[in-house]
Structures are given as structure tokens and as C-alpha cells.
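Heads up, the sequence shown is in the numbering used here, so the first residue is 275 and it goes up one at a time.
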Amino acid sequence: MNAVLNFANLSNYINNYPPYDQDLAFSFENISHLQVALESAYGPRSGRGLAQRVGRASFKYGLREFGPELGLTDLAFRLLPLPAKLRAGIDAFAALFNNSTDQRVRLEWDEKNIYWSIERCPLCWGRRHQEAAAMTQASTPCCHLAVGLLQEALYWLSVGRYFEVEEEKCIACGDSTCTIVINQTPMS
Ligand SMILES: [Zn+2]
Numbered sequence: 275m276n277a278v279l280n281f282a283n284l285s286n287y288i289n290n291y292p293p294y295d296q297d298l299a300f301s302f303e304n305i306s307h308l309q310v311a312l313e314s315a316y317g318p319r320s321g322r323g324l325a326q327r328v329g330r331a332s333f334k335y336g337l338r339e340f341g342p343e344l345g346l347t348d349l350a351f352r353l354l355p356l357p358a359k360l361r362a363g364i365d366a367f368a369a370l371f372n373n374s375t376d377q378r379v380r381l382e383w384d385e386k387n388i389y390w391s392i393e394r395c396p397l398c399w400g401r402r403h404q405e406a407a408a409m410t411q412a413s414t415p416c417c418h419l420a421v422g423l424l425q426e427a428l429y430w431l432s433v434g435r436y437f438e439v440e441e442e443k444c445i446a447c448g449d450s451t452c453t454i455v456i457n458q459t460p461m462s
């Protein structure tokens with residue numbers, strides 16, 4: 275943790291984590307620097323895996339904090355059939371980001387997929403410019419933490435099933451949104 279904070283030029287946070295509140299004081303720039311730092315410290319491949327794991331772990335804390343308020347832990351919700359539960363759950367998660375943070379999520383659905391499009395994304399915030407300056411422009415989508423968070427959300431909503439979740443567009447690659455495509459049919 276300390277090494278990653280150092281890599282991200284955030285050593286002022288070592289043993290001095292931000293307060294646990296909803297003041298939005300921890301900037302998107304810091305969040306993005308942490309993602310780059312994971313890749314610098316562990317290499318792109320392992321860094322990506324770690325960011326996904328961070329996303330999966332974050333879900334648990336988010337659920338504890340916001341689950342009751344969103345109605346996601348009610349028995350009535352838990353008993354909905356899977357498609358209705360996915361729809362209501364994903365809608366509620368997107369609304370949580372839109373209402374409680376500066377991240378903006380737009381949802382689209384078709385027969386097969388759910389499209390989770392982040393229009394203002396903390397994970398790759400400013401990254402295109404940063405990397406262009408370093409001549410290492412991100413060539414593949416890099417918001418792995420969001421992929422992990424959604425994987426865990428789907429696992430929880432479906433009571434233990436795995437879904438295909440992939441980031442297909444990314445602002446850091448020059449796209450207008452970071453779009454994560456979720457196949458609505460579980461793999462197992
Ligand atoms: Zn992004």
C-alpha cells in the first residue's frame with residue numbers, strides 16, 4: 275500500500291487515509307493516479323488483476339454502507355427472479371454513483387447485454403493526456419476496478435453466478451465514454 279501511494283505521489287496519505295465520509299474530498303485525479311501506480315508497481319498485467327480485485331473487494335464495503343438505503347437487502351428484493359433483480363440492482367447501483375459521487379453513469383440495455391457507460395470516469399481521469407505526455411498512450415481500456423466492482427455486484431445479485439463483463443470503450447483510448455458491456459446470461 276505504501277509503495278503504491280509513493281508511486282502515485284500520494285505519500286501524504288501513508289498511514290493517513292482519507293476520512294470515511296461522503297465529502298467527495300478525494301479527487302478523481304488521485305483515484306486515476308492510484309490506477310497508474312498499480313500498473314507501474316506491479317507491471318501492467320498484475321496491476322490490472324489487482325485493480326479488478328480492489329473493485330471486487332470494494333463492493334462488499336459499498337453494500338454494507340448503501341445496501342439498506344437502496345432496498346437491495348430487503349427480502350422482497352432478494353426474492354425477485356434473476357432478470358428483474360439484475361435490472362433493479364444495476365439501476366440502483368448506477369443511481370448511487372450519479373447521486374452520491376461526481377461519476378456519471380448512463381445505462382442502456384438490449385436483448386443480450388447491459389451497457390454501463392461511464393461519462394465522467396475517475397479511474398482514467400486525465401489519463402490520456404498524462405500518458406500522451408509520457409509517450410505511452412493507453413492502447414487498451416484501463417478501468418479494471420470498475421469491471422471488478424460490477425463482477426462482484428453481479429455475483430452478489432445472482433447469488434453466486436459469473437457473468438462476462440468487459441470494458442469495450444475507454445476515455446483513455448480516445449472514446450467518449452468508458453463502456454463496460456455485461457452479458458445478461460450468466461456463464462455458470
Ligand atoms: Zn475510465
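For each residue, glycine too, the CB sits at the ideal point set by N, CA and C.
Classify residue i as helix, strand or coil using the three-state DSSP reduction.
i    : result
N387 : strand
E339 : helix
C417 : coil
V379 : strand
V328 : helix
G434 : coil
F300 : coil
I288 : coil
N283 : coil
D348 : coil
P357 : helix
D365 : helix
S306 : helix
G323 : helix
S462 : coil
I'd like to confirm the pairing. Which residues does DSSP put opposite residue i in its beta bridges?
i    : result
N457 : N387
C452 : I392
E440 : V455
What does the alpha-carbon distance come out to for the pair residue i and residue j?
i    : j    : result
T279 : F333 : According to the sequence displayed, residue 279 carries Leu and not Thr. C-alpha separation (whole angstroms): 21 Å.
E441 : F302 : 19 Å
R401 : A315 : 17 Å
Q377 : T453 : 13 Å
N304 : D297 : 15 Å
P463 : N387 : The requested residue 463 is not part of the displayed model; the chain covers only 275 to 462.
W383 : Y287 : 40 Å
Q326 : E313 : 12 Å
D348 : G341 : 9 Å
S413 : C447 : 6 Å
F371 : P293 : 19 Å
A311 : R330 : 19 Å
E339 : L424 : 17 Å
R380 : S285 : 34 Å
A369 : L353 : 21 Å
L253 : Y335 : As displayed, the chain neither begins before 275 nor continues past 462, which places residue 253 out of reach and without an answer.
Rank the options by C-alpha distance to the C-alpha of residue i and give the top, closest one.
i    : options                   : result
G323 : G448, F437 and A420       : A420
Y291 : W390, N276 and T347       : N276
I392 : F281, N283, Y294 and C444 : C444
W430 : D376, W399, T453 and G363 : G363
R435 : N457, T451 and C452       : N457
L356 : N373, F281 and F437       : F437
L337 : W399, F367 and L360       : F367
Q309 : R380, T459, C398 and G422 : C398
C395 : V439, T451, N373 and A350 : T451
Beta-carbon of residue i versus every beta-carbon of chain C: anything under 8 Å?
i    : result
Q377 : Looking for chain C here will not work: only one protein chain is present.
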